[in-house]
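Student: Take the sequence shown: its letters are residues 6 to 304, numbered as in the numbering used here.
Positions of the beta carbon are idealized from the N, C-alpha and C atoms, including for glycine.
This one's a predicted model, so the numbers in the text were calculated from it and none came from an experiment.
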Amino acid sequence: MSTARKPLDGLAAGLMLLLCLCWGMQQVAVKLAASAVSPIMQIGLRSLLAALLVGALMCWRQERFSLRDGRLRAGLVAGALFAGEFLCVSVGLIYTSASHMVVFLYSAPIFTALGLHWRVKGEHLGRAQWGGVGLAFAGIALAFSNGLSGQGEWGRMLLGDALGLLGGLLWAATTIVVRASSLSEAPPAQTLLYQLTVASVLLLALGGGTGQWATLQMSPIAWASLLFQGVIVAFASFLAWFWLLRRYLASRLSAFSFLTPLFGVAFGVLLLGEPLDPRFLIGALLVFAGIVLVNLRRA
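#1: Nearest by alpha-carbon distance to V82: which of L147, I237, Y199 and L170 is it?
#2: Consult DSSP for Y100 and reduce its assignment to one of helix, strand or coil.
#3: For M6, which residues from the same chain have a beta carbon less than 7 angstroms from its beta carbon, with the 5 sequence-adjacent residues on both sides left out?
#4: Per DSSP, K11 forms a beta bridge with which residues?
#5: Compute the Euclidean distance between the alpha carbons of L147 and Q67, then round it to the nearest angstrom.
#6: So the candidates are F247, V236, L298 and W218; which of them puts its Cα closest to the Cα of L57?
#7: Jot down the residue ranges of each uninterrupted beta strand (DSSP E) in the segment 26-105, minimum 3 residues, whole runs only, in chain order.
#8: Once the 5 residues before and after I296 are set aside, which same chain residues still bring their CB inside 8 angstroms of it?
#9: Is DSSP giving T215 helix, strand or coil here?
#10: Assuming A79 contacts S187 under a Cβ cut-off of 8 angstroms, what Cβ separation, rounded to an integer in Å, is found between them?
#11: Along the alpha helix (DSSP H) that carries I226, what are the first and last residues, could you check?
#12: Which value, in whole angstroms, describes the spacing of the CA atoms of V42 and L286?
#13: Could you please give the first and the last residue of the uninterrupted alpha helix (DSSP H) stretch that includes Q134?
#14: What is the rounded straight-line gap between the Cα of I48 and the Cα of L291?
#15: Which residue from L92, L209, L16 and Y100 puts its Cα closest to that of L54?
#16: Leaving out the 5 sequence neighbours to the left and right, which residues in its chain are closer than 8 angstroms to A239 when beta-carbon positions are compared?
#17: Looking only at its chain, what residues have a beta carbon closer than 6 angstroms to the beta carbon of M30, apart from the 5 residues adjacent to it on each side?
#18: Closer than 7 angstroms by C-beta to L20: which residues in its own chain qualify, once you throw out the five before and the five after it? Chain order, please.
#19: Using DSSP with H/G/I as helix, E/B as strand and the rest coil, what is A304?
#20: Per DSSP, what kind of secondary structure is Q195 in: helix, strand or coil?
#21: When the Cα atoms are used, what is the spatial distance from Y111 to G169?
#22: Between S224 and S230, what straight-line distance do the alpha-carbon atoms span, to the nearest angstrom?
#23: Measure the C-alpha to C-alpha separation of A185 and L121 and round it to an integer number of angstroms.
#24: Answer with buried or exposed for D74, where buried requires no fewer than 16 other C-beta atoms within 10 angstroms of its C-beta.
#25: What number of angstroms, rounded off, separates the C-alpha of V203 from the C-alpha of L221?
#26: From L197, L232 and T117, pick the residue whose C-alpha is nearest to that of L175; which is it?
#27: Determine the burial state of R69: buried for a count of at least 16 other Cβ atoms within 10 Å of its Cβ, exposed for fewer.
#28: Pick helix, strand or coil for D166, following the three-state DSSP scheme.
#29: Can you give me the C-alpha to C-alpha distance between V108 and T179, rounded to a whole angstrom?
This is the structure we're talking about:
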C-alpha cells in the first residue's frame, strides 16, 4: 500500500465526528466510576480488555502477528507514550482543575501538526491550515476559560498544568510515531494491540505498586463504565482511528480531536447536570471554524 495519505472526505469527517462523540462520553464514564475504580486502574483494565478483544479479532481474521517484522521497537515506544499520556492526565488532575487540564492536554493537535510538518512528507500545512489550528485552540481556551482563574496553591496548579502539557506532548508523539515509523503501514489491529498491551502492563503494574488494587470496588456503574471504555472506546473507536491514520492526513485528523472536550462538556450537561457557560458556546463555534480552515484544500 502506498504511503501517500489523502485529505479528509465525507466518510472521514463523519467518522471523526462519531469518534469525538465517543471519546467525549469517555470522560463522563471515567468520572462516574472514579469513586469505585481510580482513573489509572480504569485505563489499565480497559486496555487489557480491549487487547484481548483485538487479539481475538486477529485470530478470527487469521492475521499474522510477528515480533520480527521490524515493528516491535516502534510498537513498544507507541505503547509507552500512550500509557504515559493517561498517567500524566490522571496524576495532573490531583493538582490542577479539569478546565486547566483540558486546555493544556488539547495542545496535542498543535504539537502533532508541528511534528508531522517537519518529519512526514505530504503532511505540511499552509497558512490557512495553521490559522485553523490556532483558531481551534483559542476556541478551546475560551470555552474553558471560566475555570482558568487561579484556584488553590499556585505551585500545585502549575505542576498539574505542566503534567497536562506533557500529556499533550505524549499524545502528539504517539500519533507521530505511528505515522512516521514502520507502524504507518501496519494493519490497524496490530498497531492497536501494541499500544493496548504495553499500556495495560505498565498502568496495572503501577496501580498494583501504589496499592490501588486494594481500593477496587466493582459496582454495577463501574462494570458498565469499564465495558463501555473497553469495548466501545479502546477497542472499536481506536481501531477506527488507526484505520483512518492509514488512509488520511494525520494533521487534518488530529484537528478534529479539538471537538472531544466540547462533546465531553455537552454530555456532562445532559447526564450529570453540569452548568453551561455562554463562553463555551462561543468557543465551540471557534473550534468548528478552525477545523474547517484546517481541512480546506490547498490550491
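Tutor: Answer, in terms of the structure:
#1: Counting from one through the sequence shown, the residue named residue 82 turns up at place 77. Closest in alpha carbon position to V82, among L147, I237, Y199 and L170, is Y199.
#2: Within the sequence shown, the letter at position 95 stands for residue 100. For Y100, the three-state secondary structure derived from DSSP is helix.
#3: Against the sequence shown, residue 6 aligns to sequence position 1. Residue placement at M6 is flagged as unreliable, the pLDDT there being 39, under the threshold of 50; the coordinate-derived value follows with that caveat. Contacts found: E190.
#4: If you number the sequence shown from 1, residue 11 lands on position 6. Looking at the DSSP assignment, K11 forms a beta bridge with Y253.
#5: Numbered from 1 along the sequence shown, position 142 holds the residue referred to as residue 147. Numbered from 1 along the sequence shown, position 62 holds the residue referred to as residue 67. For L147 and Q67, the distance between alpha carbons rounds to 48 angstroms.
#6: Here residue 57 refers to the residue found at position 52 when the sequence shown is read from its first residue. Looking at the Cα atoms, V236 is the closest of the given residues.
#7: DSSP assignment within the segment 26-105 yields no whole beta strand (DSSP E) run of 3 residues or more.
#8: For the purposes of this step, residue 296 is taken as the residue at position 291 of the sequence shown. Residues of the same chain with a CB within less than 8 angstroms of the CB of I296, apart from the 5 flanking positions on each side, are G137, A141, A260, F261, F263 and L264 in chain order.
#9: Locating residue 215 in the sequence shown gives position 210, counting from the first residue. Three-state DSSP puts T215 in coil, outside helix and strand.
#10: In the sequence shown, residue 79 corresponds to position 74, counting from 1. In the sequence shown, residue 187 corresponds to position 182, counting from 1. Rounded to the nearest angstrom, the Cβ distance from A79 to S187 is 5 angstroms, consistent with a contact under 8 angstroms.
#11: Locating residue 226 in the sequence shown gives position 221, where the first residue counts as 1. Where I226 is concerned, the enclosing alpha helix (DSSP H) stretches over P225 to L232.
#12: Here residue 42 is taken as the residue at index 37 of the sequence shown, counted from 1. Here residue 286 is taken as the residue at index 281 of the sequence shown, counted from 1. Linking V42 to L286 through their CA atoms gives a straight-line distance of about 32 angstroms.
#13: Residue numbering aside, residue 134 sits at position 129 when the sequence shown is read from its first letter. DSSP places Q134 in the uninterrupted alpha helix (DSSP H) bounded by R132 to A148.
#14: Translated into positions along the sequence shown, residue 48 becomes position 43. Translated into positions along the sequence shown, residue 291 becomes position 286. If you draw a straight line from the Cα of I48 to the Cα of L291, it comes to about 31 angstroms.
#15: The count along the sequence shown starts at 1 and reaches residue 54 at position 49. Cα-wise, what sits closest to L54 is L209.
#16: Within the sequence shown, residue 239 is the residue found at index 234, counting from 1. These residues qualify, in order along the chain: R51, S52, L54, A55 and L201.
#17: The sequence position of residue 30 within the sequence shown is 25, counting from 1. Excluding its 5 nearest sequence neighbours in each direction, M30 has C-beta neighbours in its own chain below 6 angstroms: F272, listed in chain order.
#18: As a position in the sequence shown, residue 20 is number 15, starting the count at 1. Excluding residues up to 5 positions away in sequence, A245 and L249 lie with their Cβ nearer than 7 angstroms to the Cβ of L20 in the same chain.
#19: The sequence position of residue 304 within the sequence shown is 299, counting from 1. Because the pLDDT of A304 is 39, which lies under 50, any placement of that residue in the model is unreliable, and the number read from its coordinates should be weighed accordingly. Reduced to three states, the DSSP call for A304 is coil.
#20: Locating residue 195 in the sequence shown gives position 190, where the first residue counts as 1. Collapsing the DSSP output to three states places Q195 in a helix.
#21: As a first step, residue 111 is located in the sequence shown; it is residue number 106 there, counting from the start. As a first step, residue 169 is located in the sequence shown; it is residue number 164 there, counting from the start. Roughly 9 angstroms between the two C-alpha positions.
#22: Taking the first residue of the sequence shown as position 1, residue 224 is located at position 219. Taking the first residue of the sequence shown as position 1, residue 230 is located at position 225. For S224 and S230, the distance between alpha carbons rounds to 10 angstroms.
#23: The count along the sequence shown starts at 1 and reaches residue 185 at position 180. The count along the sequence shown starts at 1 and reaches residue 121 at position 116. A185 and L121: Cα-Cα distance of roughly 8 angstroms.
#24: Here residue 74 refers to the residue found at position 69 of the sequence shown. The residue in question, D74, is exposed, as its Cβ has fewer than 16 Cβ neighbours within 10 Å.
#25: Reading the sequence shown from its first residue, position 198 is the one you call residue 203. Reading the sequence shown from its first residue, position 216 is the one you call residue 221. Roughly 21 angstroms between the two C-alpha positions.
#26: Locating residue 175 in the sequence shown gives position 170, where the first residue counts as 1. Check the Cα spacing between L175 and each of L197, L232 and T117: the tightest is with T117.
#27: Counting from one through the sequence shown, the residue named residue 69 turns up at place 64. Classification of R69: exposed, given that the 10 Å Cβ count is below 16.
#28: Against the sequence shown, residue 166 aligns to sequence position 161. DSSP places D166 in helix when its eight states are reduced to three.
#29: The sequence position of residue 108 within the sequence shown is 103, counting from 1. The sequence position of residue 179 within the sequence shown is 174, counting from 1. In this structure, the alpha-carbon of V108 lies about 19 angstroms from that of T179.
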